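A.B. asks: Would you mind keeping the following structure in view while I ask a few things?
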Amino acid sequence: MVKLTEVEDEHFAQEKPQASKNNVLLASDDEDDYTDTESEISTESDLELDSETLYERLVALKDVIPPSARRQITNSVSYVTSFTKSSISFSGKALWIISTSAFLLGVPWALAYAEEEQYIQMEREQGMIKGANEMLAPGLPSAEQKEAQPSL
Numbered sequence: 001m002v003k004l005t006e007v008e009d010e011h012f013a014q015e016k017p018q019a020s021k022n023n024v025l026l027a028s029d030d031e032d033d034y035t036d037t038e039s040e041i042s043t044e045s046d047l048e049l050d051s052e053t054l055y056e057r058l059v060a061l062k063d064v065i066p067p068s069a070r071r072q073i074t075n076s077v078s079y080v081t082s083f084t085k086s087s088i089s090f091s092g093k094a095l096w097i098i099s100t101s102a103f104l105l106g107v108p109w110a111l112a113y114a115e116e117e118q119y120i121q122m123e124r125e126q127g128m129i130k131g132a133n134e135m136l137a138p139g140l141p142s143a144e145q146k147e148a149q150p151s152l
C-alpha cells in the first residue's frame, strides 16, 4: 500500500496563502512572476525518446484514463469486435449458400436456355431457306405441300 505525505513548498512554508470566503486561494500581487530559482532543471534525461515506440507511449498513457472508463472502452471494443466477427461469419456462410445454389440451379438453366436458343435459331434458318426457295421457284410446290396432297 502506498502512503502519501504532503511536502510543502519552501515559499509557502514561510508564509501561508490567504483563503477567501469560498476557500479559494488568493494570490498576492507581488508574487505574479514568481519562479523557483532554487530548483535544478536537468538538461540530461535518462529517457530515450528516440527508441520508444508509439505502442509503448500509448501503454504508458493507460493510467491517465480512469478504470471505469477503461472498462467501458474495453466492453465497447469487445462488443464491436464480436459483432464484426459474427457479421463476417454470417456473410461468408450466406455467400457460400448463394453461390453454390447459383451453380447448382443456374448452370443447368443456362445450358437449357442456350439449347432452346439454338433450336429457335435453326427454325429461323430453315424458314429463311424455305422463303429463299419459294422466291427462286415461285410456282413449284414445296416438299411439304407434295407430302400433304393425296396422290390420285
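Quick note, the sequence shown lines up with residues 1 to 152 if you use UniProt numbering.
Idealized CB from N, CA, C, for every residue including glycine.
This one's a predicted model, so the numbers in the text were calculated from it and none came from an experiment.
1) When you compare only the Cα positions, how much space is there between V77 and R70?
2) Under 6 angstroms Cβ to Cβ from A102, same chain only, skipping five residues before and after it: list those, please.
3) M1 by DSSP, collapsed to three states: which one?
4) Rounded to whole angstroms, what's the CA-CA distance from A60 to T84? Just pull it up for me.
5) In its own chain, which residues sit with a C-beta less than 8 angstroms from the C-beta of V7, not counting the 5 before and 5 after it?
6) In whole angstroms, what separates the C-alpha of K62 from that of I98?
7) Quick one: Cα of I120 to Cα of T100, how far?
8) How many Å lie between L95 and L136 at the Cα?
9) D29 by DSSP, collapsed to three states: which one?
10) So, with DSSP's three-state summary, where would you put T74?
11) Pull up the distance between the alpha-carbon of S51 and that of S68, whole angstroms please.
12) Can you tell me whether D9 is helix, strand or coil according to DSSP?
13) Using the C-alpha atoms, what's the distance from S86 back to V80?
14) For S51, name the three-state secondary structure that DSSP assigns.
C.D. replies: So, to answer that:
1) 10 angstroms
2) Excluding positions up to five away in sequence, the list is empty.
3) coil
4) 28 angstroms
5) none
6) Within the model, the alpha-carbon separation for K62 versus I98 is close to 46 angstroms.
7) One C-alpha to the other measures close to 30 angstroms.
8) 59 angstroms
9) At D29, the pLDDT of 49 sits below 50, so the modelled position is not reliable and the matter cannot be decided from this model.
10) helix
11) In a straight line, the C-alpha of S51 is about 32 angstroms away from that of S68.
12) coil
13) 10 angstroms
14) coil
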